[in-house]
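Working notes, beginning with the structure itself.
Residue numbers (this note's numbering), protein chains in the order written: chain V, 10 to 577; chain U, 2 to 424.
Structure representation (structure tokens):
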């Protein structure tokens with residue numbers, strides 16, 4: 010219950026602004042390309058019990074990551090926490106998610122009293138292991154993926170444990186980058202700590218605690234109020250990942266969402282056991298993906314905090330791909346989040362009939378190109394290609410935009426080319442890739458590149474080649490994602506998740522999946538079909554075959570269209 | 002911003018935070034040494050620009066040099082509302098100019114910040130804009146009563162609550178251009194303008210720890226004045242590639258860019274001096290944001306680049322609090338800016354005599370839980386000696402609020418200068 014509306018709103022602005030300020034510090038100072046390009050980091054303020062007070066809107070699939078990390082830190086250090094300490098961890102079986110995500114936690118003291126914690130998570134460029142970037146799909150054990158950090162004290166009362174830090178740095182490929190990114194996390198935590206102290210100072214300890222309670226209750230109320238308007242029941246859906254990158258598949262995802270007076274329950278019983286490759290998530294990551302899916306459906310701005318979580322319950326089988334057990338590899342678990350979101354949204358489509366879109370591209374295609382330079386140093390170029398959104402209940406799908414689970418930007422062509430090691434030869438949308446429907450899906454995106462270095466390793470993570478983006482309400486599926494070598498008459502279809510060594514001059518094309526359609530395509534406005542034909546988004550043949558619209562020159566042949574659409 | 006930059010040069014202000022609040026948005030920026038910050042791009046059509054990086058991506062990026070401005074959806078027309086969970090919100094929805102605030106009597110029913118300011122007595126309950134806009138205070142009260150009922154509070158407390166919420170939102174915009182860039186706002190002077198800026202400037206400054214607020218003459222038209230004094234500028238840039246690795250090649254590229262902007266400016270302004278400045282956008286490898294490092298005039302050799310790297314490390318430290326290893330520094334873009342000064346003097350225009358003041362009057366204003374009588378004067382009636390608040394100063398195009406605890410005087414450029422004494 011909010012006691013004073015103006016005081017509350019000023020507090021909310023300040024505490025959410027503080028989390029954003031932490032995130033901006035990371036964004037502007039971190040070196041990892043992946044931080045800047047994909048917002049793959051998070052920042053949050055917690056209270057002394059480890060509850061999340063505010064989390065910046067950066068990476069959607071980190072939304073539920075902080076509580077498990079805080080539990081792990083408090084389990085290990087509670088009672089011995091002193092001013093000037095800094096804790097770190099990345100161990101997926103003790104509060105982490107996958108090894109590149111390093112958590113840094115700074116306790117904040119108001120005088121001698123623990124007031125809370127500033128927390129940051131950054132996906133580091135490399136944490137060691139056999140493959141550059143530490144996120145290879147083909148890893149089969151966490152011991153191959155890099156340095157594992159259980160909940161640890163990096164600094165004690167302001168003194169950094171140098172031996173510990175040097176041990177970590179010795180195990181990563183680019184120690185300067187790692188150290189720079191860790192420093193940027195500590196700078197962000199410093200910012201957060203300052204803001205937290207200002208708020209405690211301004212309101213006093215008691216009122217601060219009261220306002221935190223109000224803020225958490227506020228988020229819970231906003232979620233529950235919206236759920237009150239939904240139809241109770243159990244809703245099931247299944248989807249899949251094509252393969253695990255080691256030849257096994259498909260990998261099933263199943264969810265049963267129960268909507269009742271207590272909120273939403275997500276039961277993932279029946280989903281795949283953990284897999285042999287690095288496509289394994291933690292329970293915290295699975296919950297995060299569910300939160301991200303639901304946040305996308307809720308109207309308005311619900312502050313991300315521990316109150317938000319209260320309306321959700323989970324049944325996530327231990328030992329499944331959604332909560333793997335040690336020593337499972339986890340590096341490439343990003344794809345798992347995309348598929349969890351697709352599965353959960355499929356189940357929720359009848360619950361939020363005017364909000365849920367058909368399936369999108371199912372996660373971006375990511376291409377890591379590794380080049381060993383003459384001096385022995387290594388360059389890694391990440392080409393991230395986002396494709397289509399599924400059609401919406403009342404509009405076409407969006408083309409070429411980051412999926413809901415991430416905050417990605419397609420890697421700028423200039424960023425890749427300025428290395429002088431790769432040339433981008435083509436980049437655009439492809440005709441007839443959208444799932445047909447009353448509203449069509451977004452179009453598949455392609456990129457052509459030529460390797461200019463003498464030799465390169467190419468590691469691709471793509472999916473949705475056999476398990477196509479689903480349509481809804483009679484809409485068609487989207488088209489598959491493809492990886493082609495030497496596109497043209499002699500093109501070779503590569504695996505969806507290959508790890509290759511290729512000679513200079515190799516040409517490669519990647520194509521993202523097209524989005525699913527919504528509604529019967531034969532009910533699509535013929536003028537909209539005509540416009541797509543004129544824009545070369547849909548061919549004349551597809552207009553006739555899929556939409557039953559006959560386009561003659563630059564206009565719709567209404568008589569022929571009506572005849573086609575009324576014929577049985 | 003251009004007008005504030007000119008004002009900052011005329012007043013010799015080392016740092017100025019600009020605060021421009023109109024009918025729908027509030028904008029903040031930072032002027033250092035009389036020059037605005039320029040960013041490499043801007044986003045349009047994506048709503049507000051405040052989160053700067055966090056909120057980006059929603060609009061269409063325009064990769065052209067832009068004045069670096071943070072913006073939030075809080076203006077005089079911003080609508081005051083509650084939500085289902087009992088919180089009080091101000092904006093970003095706006096009543097616009099039609100129907101506008103309820104108090105304008107044009108059919109607006111949603112309470113706005115302007116309505117709150119009428120209820121609080123900060124704005125005239127009779128007319129604004131020199132008598133051209135009639136005010137209907139009873140409509141403002143009626144509009145706010147709905148929100149007050151939902152909150153279980155009285156109308157005056159609700160109006161003041163909305164004022165405070167607006168101030169807290171605007172601190173975000175100012176922090177985006179100061180503390181989030183390693184600049185301490187407390188070392189700057191605030192320049193408040195726009196139709197609504199002078200009503201909030203003093204409260205916002207206090208929240209940020211800024212001592213001094215300058216409200217220039219013609220605050221509602223101040224941005225337009227900036228157009229009259231703006232220099233003519235041309236920019237040229239090119240991406241840094243491996244071909245620029247040696248200093249000689251880099252110098253030749255700069256010469257070509259400089260010759261280009263010089264030619265363009267001479268064709269536009271044949272009889273004026275062209276000033277050309279060169280800079281490098283630099284960053285640590287992997288970063289997405291660059292810092293602009295100016296280069297000294299003269300030929301470019303190895304020592305120029307060594308000095309540029311040193312300046313980059315220093316600038317990075319002052320902006321972000323740390324520096325990294327030298328081998329991580331990379332040059333991203335070569336930039337040249339050519340400038341021709343207009344020669345129009347803003348300070349002379351501002352110092353022109355004001356119209357004679359009307360008589361001093363008074364009205365009831367609500368501060369800190371109670372209504373008190375507050376003197377209302379015209380700008381010309383304010384003298385050179387600080388006069389303690391509370392005080393309201395009315396211009397044709399804006400109203401300046403001097404809260405209790407602050408003091409105001411008028412300087413030689415007819416600025417209202419509001420001072421908070423540090424506790």
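For every residue, glycine included, the Cβ atom is placed at its ideal position computed from N, Cα and C.
- In this structure, does DSSP put residue 199 of chain V in helix, strand or coil? Working through the first chain from its first residue, we reach residue 199 of chain V at position 190. DSSP places residue 199 of chain V in helix when its eight states are reduced to three.
- Query: Which one of V/481, V/476, V/210 has the shortest CA to CA distance from residue 488 of chain V?
  - Reply: Here residue 488 of chain V corresponds to residue number 479 of the first chain, with the count starting at 1. Among V/481, V/476, V/210, the Cα nearest to that of residue 488 of chain V is on V/476.
- Quick one: residues in its chain with C-beta nearer than 6 Å to the C-beta of residue 193 of chain V, no 5 flanking neighbours on either side, listed in chain order? Here the question's residue 193 of chain V lines up with position 184 in the first chain. Answer for residue 193 of chain V: 35, 38, 39, listed in chain order.
- How long is the line joining the alpha carbons of residue 642 of chain V and residue 339 of chain V, rounded to whole angstroms? The shown model of chain V, from 10 to 577, leaves out residue 642 of chain V, and the question about it has no answer.
- Message: If distances are taken between C-alpha atoms only, which option among V/300, V/516, V/14 comes closest to residue 498 of chain V?
- Response: Here residue 498 of chain V corresponds to residue number 489 of the first chain, with the count starting at 1. Residue 498 of chain V has its Cα closest to that of V/516, out of V/300, V/516, V/14.
- When the Cα atoms are used, what is the spatial distance from residue 90 of chain U to residue 152 of chain U? Here residue 90 of chain U refers to the residue found at position 89 when the second chain is read from its first residue. Here residue 152 of chain U refers to the residue found at position 151 when the second chain is read from its first residue. Roughly 12 Å separates the two Cα atoms.
- Query: What is the rounded straight-line gap between the Cα of residue 158 of chain U and the Cα of residue 118 of chain U?
  - Reply: Numbered from its first residue, the second chain carries residue 158 of chain U at position 157. Numbered from its first residue, the second chain carries residue 118 of chain U at position 117. So the alpha carbons of these two residues sit roughly 12 Å apart.
- Message: Which residues in chain V have a C-beta closer than 8 Å to the C-beta of residue 240 of chain U? List them in chain order.
- Response: Along the second chain, read from residue 1 onward, the residue named residue 240 of chain U stands at position 239. Correct list: 423, 427.
- Tell me whether residue 478 of chain V sits in a helix, a strand or coil according to DSSP, three-state version. For this step, residue 478 of chain V is matched to residue 469 along the first chain. Residue 478 of chain V: coil per DSSP, three-state reduction.
- Task: Could you tell me the distance, in whole angstroms, from the CA atom of residue 380 of chain U to the CA atom of residue 355 of chain U?
- Result: Counting from 1 along the second chain, the entry for residue 380 of chain U is found at position 379. Counting from 1 along the second chain, the entry for residue 355 of chain U is found at position 354. If you take the alpha carbons of residue 380 of chain U and residue 355 of chain U, they lie about 8 Å apart.
- Quick one: is residue 20 of chain U near chain V, going by C-beta distance under 9 Å? If you number the second chain from 1, residue 20 of chain U lands on position 19. No, residue 20 of chain U does not count as interfacial toward chain V.
- Item | 3 or more residues per run - each beta strand (DSSP E) lying fully within the stretch 123-167 of chain V | 161-165
- Task: Report the three-state DSSP secondary structure of residue 176 of chain U (helix, strand or coil).
- Result: What you label residue 176 of chain U is simply residue 175 of the second chain in a count that begins at 1. If DSSP states are grouped into helix, strand and coil, residue 176 of chain U belongs with the helices.
- Query: In or out: residue 459 of chain V buried (at least 16 other Cβ within 10 Å) or exposed?
  - Reply: In the first chain, the residue the question calls residue 459 of chain V occupies position 450. Looking at its Cβ environment, which holds fewer than 16 other Cβ atoms inside 10 Å, residue 459 of chain V is exposed.
- Item | Inter-residue spacing [alpha-carbon to alpha-carbon] between residue 144 of chain U and residue 107 of chain U | Residue 144 of chain U sits at position 143 when you count from the first residue of the second chain. Residue 107 of chain U sits at position 106 when you count from the first residue of the second chain. Those two C-alpha atoms are separated by around 13 Å.
- Query: List, in order along the chain, the chain V residues whose C-beta lies closer than 8 Å to that of residue 90 of chain U?
  - Reply: Here residue 90 of chain U refers to the residue found at position 89 when the second chain is read from its first residue. Within chain V, the residues near residue 90 of chain U are 18.
- Assign residue 308 of chain U to one of two classes, buried (16 or more other C-beta atoms within 10 Å of its C-beta) or exposed (fewer than that). Residue mapping note: residue 308 of chain U aligns to position 307 of the second chain, counting from 1. Counting Cβ neighbours within 10 Å, residue 308 of chain U comes out exposed, since fewer than 16 surround it.
- Task: Tell me, to the nearest whole angstrom, how far the beta carbon of residue 4 of chain U is from that of residue 226 of chain U; I am working on the premise that it is less than 8 Å.
- Result: In the second chain, residue 4 of chain U corresponds to position 3, counting from 1. In the second chain, residue 226 of chain U corresponds to position 225, counting from 1. Residue 4 of chain U to residue 226 of chain U, Cβ: 5 Å. Contact.
- Task: Return yes when the Cβ of residue 215 of chain U is within less than 9 Å of the Cβ of residue 418 of chain U, no when it is not.
- Result: Here residue 418 of chain U refers to the residue found at position 417 of the second chain. Here residue 215 of chain U refers to the residue found at position 214 of the second chain. Going by C-beta atoms, residue 418 of chain U is nearer than 9 Å to residue 215 of chain U.
- Message: Counting only beta-carbon separations shorter than 9 Å, does residue 28 of chain U have a partner in chain V?
- Response: On the second chain, position 27 is the one that residue 28 of chain U refers to. Not closer than 9 Å to any Cβ of chain V, the Cβ of residue 28 of chain U fails to qualify, so no.
- Item | Per-residue DSSP class, three states only, for residue 30 of chain U | As a first step, residue 30 of chain U must be located in the second chain, where it is residue number 29. Strand.
- Task: Using three-state DSSP, classify residue 189 of chain V as helix, strand or coil.
- Result: Counted from its first residue, the first chain places residue 189 of chain V at position 180. Residue 189 of chain V falls in the helix class under three-state DSSP.
- Query: Roughly how many angstroms lie between the CA atoms of residue 225 of chain V and residue 300 of chain V, to the nearest whole one?
  - Reply: The residue you call residue 225 of chain V lines up with position 216 of the first chain. The residue you call residue 300 of chain V lines up with position 291 of the first chain. Distance between the alpha carbons of residue 225 of chain V and residue 300 of chain V is about 15 Å.
- Does residue 161 of chain U come within less than 9 Å of chain V when only Cβ atoms are used? The residue you call residue 161 of chain U lines up with position 160 of the second chain. Residue 161 of chain U counts as touching chain V.
- Can you list the residues of chain U that residue 231 of chain V reaches, using a CB-CB cut of under 8 Å? Translated into the one-based positions of the first chain, residue 231 of chain V becomes position 222. Here the neighbours are 84, 85, 86.
- Between the stretch 281-288 of chain V and the stretch 137-156 of chain V, do three or more beta carbon pairs fall short of 8 Å? yes
- Query: In whole angstroms, what is the alpha-carbon distance linking residue 140 of chain V and residue 181 of chain V?
  - Reply: In the first chain, the residue the question calls residue 140 of chain V occupies position 131. In the first chain, the residue the question calls residue 181 of chain V occupies position 172. Distance between the alpha carbons of residue 140 of chain V and residue 181 of chain V is about 11 Å.
- Query: Fully enclosed by the stretch 11-68 of chain V, which beta strand (DSSP E) runs are 3 residues long or longer?
  - Reply: 50-56, 61-64
- Message: Measuring alpha carbon to alpha carbon, tell me which residue in V/362, V/268, V/235 is nearest residue 307 of chain V.
- Response: Your numbering for residue 307 of chain V matches position 298 in the first chain. Answer by Cα proximity: V/235.
- Query: Three or more C-beta pairs closer than 8 Å, one from the stretch 101-113 of chain V and one from the stretch 410-428 of chain V: is that the case here?
  - Reply: Cβ pair count under 8 Å is below three, so no.
- May I ask which residues mark the beginning and end of the beta strand (DSSP E) holding residue 125 of chain U? In the second chain, residue 125 of chain U corresponds to position 124, counting from 1. No beta strand (DSSP E) contains residue 125 of chain U, which DSSP labels as neither H nor E.
- Query: Would a check of beta-carbon distances place residue 125 of chain U closer than 9 Å to chain V?
  - Reply: Position 124 of the second chain, counting from 1, holds the residue named residue 125 of chain U. Not an interface residue.
- Query: Exposed or buried, which one is residue 10 of chain V when buried takes at least 16 other CB atoms within 10 Å?
  - Reply: Reading the first chain from its first residue, position 1 is the one you call residue 10 of chain V. Label assigned to residue 10 of chain V: exposed.
- What runs of the beta strand (DSSP E), each 3 residues or longer, lie entirely inside the stretch 516-577 of chain V? 516-520
- Which residue's Cα is closest to the Cα of residue 263 of chain U: U/92, U/275, U/254, U/383? Counting from one through the second chain, the residue named residue 263 of chain U turns up at place 262. Of the listed residues, the one whose Cα sits closest to residue 263 of chain U is U/275.
- Message: In the DSSP assignment, the alpha helix (DSSP H) including residue 299 of chain V goes from what residue to what residue?
- Response: Sequence index remark: in the first chain, residue 299 of chain V carries index 290 (1-based). Looking at the DSSP string, the run of the alpha helix (DSSP H) that includes residue 299 of chain V is 292-306.
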